[in-house]
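Worksheet: the structure to be examined is printed underneath.
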Amino acid sequence: MSKKLTSRAENYSKWYNELVVEADLAENSAVRGCMVIKPYGYAIWEKMQAELDKKFKETGHQNAYFPLFVPKSLFEAEEKNAEGFAKECAVVTHYRLENDPDKPGKLRVDPNAKLEEELVVRPTSEAIIWSTFKGWVQSYRDLPLLINQWANVVRWEMRTRLFLRTAEFLWQEGHTAHTTKQEAIAEAELMNNVYATFTEDFMAIPVIQGLKTESERFAGADETYCIEALMQDGKALQAGTSHFLGQNFAKAFDVKFTSKEGKQEYVWATSWGVSTRLMGALIMTHSDDHGLVLPPKLAPNQVVIVPIYKTDEQLEAITEVVNGIMTELRSKNISVKFDNRDTYRPGAKFAQHELQGVPLRIAIGSRDLENGTVELARRDTLTKEVVALDTLTDRVEGLMTEIQDTLYKKALDYRDTHITEVETFDEFKKVLEEKGGFISAHWDGTAETEDKIKEITKATIRCLPLDGKIEKGICVLTGRESARRVLFAKAY
RNA sequence: CGGGGUGUAGCGUAGCCCGGUUAUCGCGCCACGUUUGGGACGUGGAGGCCGCAGGUUCGAAUCCUGCCACCCCGACCA
């Protein structure tokens, strides 16, 4: 707790492990790389879930749940998807343990309990869902099919990174089926927009919407839309993706419908997802040396009240005033917590709430009782002000909006000043090394050039921005013709 | 899987080269007292198979052998 924190991203893991979002990687080596999300961190995830879920419902989607296990034969049906994920699949091969005859008290896998067909632990659910959709779709009247699932998935990554790339993670995955290509593309774009407004308006994280290049595209997709965010250390983070899947899965799983004209046609598909990685984005976008900084809309507790007292009588008098404050704030839909623990001193509480990112702190002591005031402290600016009790509710209500806006603007300003247009490869390398952030550069459109730039600089094409201006130029690496600028960056 | 590094209390560590009292220090934890407007202080206390197994030695955290685990860098990636 007394550790000096740092806002440099490479050091985050040292402290978000400690307390901030109260996450931890599991201790047992067999599950190394999996995340334990403690209550405070989970409360943040629940707020995100609730908001996203609301948006999904508003756009006509329904939640459902599909199995964790995907029979191998289903998994391999869509070849590109299977190939893309094959290297990182956990596979269940047996269904029973038995006592180990050689090691008393130990268990071993029963060699007689081998599964006839291996089960893949879902790294994503297209296969199991599309094999189910086949039974759900017969007519154009069954479409569009707009399904979302909240689930955990497993990807056996070679290297894991807390929040950003854990072996198991929580996410939502939307899977939709449509009668026409246009409708499916519109759906993919719509959901990418939903993600963008969610991260910007709710999490106060500015993002760039764009298209992935072919080599960065989701395995099995015809087009991948994404939202790209920029972290405080100048590295980019893919915060969410939305895929237009064409008819690839429909063909692989034989999902056809009878059209109005009575013809058999394959459906058009999308899938889209965001994960607990967003919590990593939150940490790396807003945190400072005092810990996490939460935008008010996302904070489990928007306001915390700390009493300052010496005697029980003083606490009683303070509590009475605090009860009034809490009732008023709650009537304005502001979540407030009274931290009246007698096991910690005020200074320790201040530090803890700052570490946890509570947007606003109210301190109230005997001095305030006499004056009819409280002390308000903002987490985002770390400034304090004394406020009269009768104007407190209005002030707090106003600050909720102000803090939300300030956080967004600060992040946006950082992001915007870290998009650099370059014309030459020397400039490219120099900016990448000295300044970081996004580099807007011309690219000849080939995977070879993309690869070569990655090899030399470790920077990848994050996206072709949707609102990017289309201007011809020459490729920074090859000097060949380029149709437009794209965004490069080093990424997590 | 390649290259480097590290395993000592819940966490962070000293000691190891050069073997020798009861394994060091800080944080945290527990008790009591004084404290309480920015991470309190004092006193007392609990907590260790020094990664595991073997070896050398009168004696091993320390030397030797084997094994295991983890971390960092690279290949893979929401």
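This note's numbering runs 42 ahead of the 1-based position in the first sequence.
Here a beta-carbon is modelled for each residue, glycine too, at the ideal position from N, C-alpha and C.
Quantities reported herein were computed from a predicted structural model and do not represent experimental measurements.
The beta strand (DSSP E) enclosing residue i, as first and last residue numbers
i	result
Ile269	265 to 272
Val364	Segment 354 to 373 is the alpha helix (DSSP H) holding Val364; no beta strand (DSSP E) there.
Gly322	Run containing Gly322: none in the beta strand (DSSP E); it sits in the alpha helix (DSSP H), 319 to 328.
Asp458	Careful: Asp458 lies outside any beta strand (DSSP E), inside the alpha helix (DSSP H) at 431 to 458.
Arg383	Taken as a continuous stretch (DSSP letters only), Arg383 belongs to no beta strand (DSSP E), as it is neither H nor E.
Ala533	Element bounds for Ala533: n/a, residue is neither H nor E.
Val346	345 to 350
Trp485	Where Trp485 is concerned, there is no enclosing beta strand (DSSP E), given that its DSSP letter is neither H nor E.
Glu463	461 to 463
Leu67	65 to 67
Ala513	Ala is not the amino acid found at residue 513; the sequence shown has Glu there. Unbroken run through Glu513: none, as it is neither H nor E.
Pro507	502 to 507
Ala246	Note, Ala246: premise wrong, no beta strand (DSSP E); not H, not E.
Environment of residue i [buried if 16+ CB atoms lie within 10 Å]
i	result
Lys472	exposed
Arg522	exposed
Tyr386	exposed
Thr241	buried
Asn365	exposed
Gly389	exposed
Arg421	buried
Asp296	exposed
Arg319	buried
Glu215	buried
Gln115	According to the sequence displayed, residue 115 carries Ser and not Gln. Under this definition Ser115 is an exposed residue.
Ala238	buried
Ser538	The displayed coordinates of the chain run from 43 to 534. Any statement about residue 538 would go beyond what the structure contains.
Lys46	At Lys46, the pLDDT of 46 sits below 50, so the modelled position is not reliable; the number obtained from the coordinates is stated separately. Lys46 is exposed by the Cβ-count criterion.
Thr369	exposed
Asp410	buried
Asn141	exposed
Ile512	exposed
Pair within 8 Å by beta-carbon distance, residue i and residue j
i	j	result
Thr462	Gly487	no
Val429	Val416	yes
Leu431	Gly407	no
Val151	His136	yes
Phe211	Ala169	no
Phe286	Ala219	no
Ala271	Ile247	yes
Leu418	Leu397	no
Gly282	Asp264	no
Ala261	Phe291	no
Arg504	Ala531	yes
Ile79	Ala65	yes
Ile376	Met442	yes
Ala193	Thr202	no
Lys374	Glu439	yes
Gln344	Val378	yes
Leu529	Gly252	yes
Leu340	Lys89	yes
Trp213	Ala132	no
Leu157	Val134	yes
Leu206	Tyr456	no
Pro81	Ile250	no
Unbroken alpha helix (DSSP H) run spanning residue i, endpoints
i	result
His395	388 to 397
Gln91	81 to 100
Val236	223 to 239
Asn290	290 to 294
Thr491	489 to 499
Leu402	Per DSSP, Leu402 belongs to no alpha helix (DSSP H); it is in the beta strand (DSSP E), 402 to 407.
Glu199	Careful: Glu199 lies outside any alpha helix (DSSP H) and carries neither H nor E.
Val473	467 to 476
Beta-carbon contacts of residue i that lie in its chain and below 6 Å, excluding the five residues immediately before and after
i	result
Ala85	Pro342
Ile171	Phe108, His217
Asn154	none
Val348	Asp381, Pro388, Lys391, Ala405
Ile445	Pro338, Pro401, Asp422
Beta-carbon contacts of residue i that lie in its chain and below 8 Å, excluding the five residues immediately before and after
i	result
Glu256	Ala489
Tyr182	Thr221, Phe299, Thr300, Ser301, Lys302
Leu449	Ala246, His328, Val335, Pro337, Asp422
Cβ shell of residue i (< 7 Å), same chain only, five flanking positions each side left out
i	result
Ser44	Bear in mind that the predicted position of Ser44 carries a pLDDT of just 27, short of 50, making it unreliable; the figure below should be weighed with that in mind. Correct list: empty, nothing qualifies.
Val179	Leu185, Leu187, Ala219, Val297, Phe299, Val309
Thr101	Leu232, Val236
Lys97	Val236, Phe240
His395	Val346, Arg403
Thr466	Val518
Ala106	Ile189, Gln191
What runs of the alpha helix (DSSP H), each 4 residues or longer, lie entirely inside the segment 99 to 169?
114 to 117, 121 to 127
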